[in-house]
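Notes follow once the structure below has been shown.
There are 2 protein chains.
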Amino acid sequence: MADYTLTLNGLTCGGCVKAVKQALEQLEGIESMEITQDSANISGSVSLDLLIDTIENAGFEASAD
Amino acid sequence: MADYTLTLNGLTCGGCVKAVKQALEQLEGIESMEITQDSANISGSVSLDLLIDTIENAGFEASAD
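Have a look at this one:
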């Protein structure tokens, strides 16, 4: 288990937030997530690289603080 | 090759449009696409079901006219 805080870029409305949530929900091992237009707080048995790749493949940008 | 016109729902800004484009760009066989918040015009060697599934997996709704 790990807790991640990511800075998000490119999300400009609630539809974007939903798209990021939807992408992350397809990953195994996520216990909880709180996503806003600016940040993601994610807990789970998942790697940071996979989280960032998943968000970037969904069309947005993410970086670890 | 086929040409599809889909009605889109749930896209509320340019970030959503970009997210849908990004999801579709990961498919093989797409020749061209024109995506707005309301519709998608797509040409390529790809099935309608795959297009709709891809858009829905990205967190949005799509239906064929």
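These protein sequence lines map, in sequence, to chains A and L.
Heads up: take any position in the first sequence, counting from 1, add 16, and you land on the numbering used here.
Heads up: take any position in the second sequence, counting from 1, add 16, and you land on the numbering used here.
The C-beta atom is built at its ideal place from N, Cα and C for all residues, glycine as well.
In this text, all values refer to a predicted model and were calculated from it rather than measured experimentally.
Evaluate residue i with the Cβ neighbour count: other Cβ atoms within 10 Å of its Cβ, from every protein chain shown; 16 or more gives buried, anything less gives exposed.
i              : result
T70 of chain A : buried
A35 of chain A : buried
Could you compute how far the alpha carbon of residue i sits from the alpha carbon of residue j?
i              : j              : result
G26 of chain A : E77 of chain A : 6 Å
V33 of chain L : S59 of chain A : 28 Å
E44 of chain L : K37 of chain L : 13 Å
L40 of chain A : Q53 of chain A : 15 Å
N73 of chain L : N73 of chain A : 12 Å
S63 of chain A : G30 of chain A : 26 Å
M17 of chain A : G75 of chain A : 26 Å
S55 of chain A : L67 of chain L : 29 Å
D19 of chain A : Q42 of chain A : 18 Å
S61 of chain A : S61 of chain L : 38 Å
Are residue i and residue j touching if we call contact CB-CB under 7 Å?
i              : j              : result
T21 of chain L : D65 of chain L : no
C57 of chain A : E47 of chain A : Residue identity differs from the one stated: residue 57 of chain A is Asn in this sequence, not Cys. Not closer than 7 Å, so no.
T23 of chain L : S79 of chain L : yes
Does any C-beta atom of chain B lie closer than 7 Å to the C-beta of residue i?
i              : result
A78 of chain A : Absence of chain B from the displayed structure is noted, the protein chains being A and L.
Positions along the stretch 50 to 81 of chain L whose CB lies within less than 8 Å of some CB in chain A: N73, A74, G75, F76
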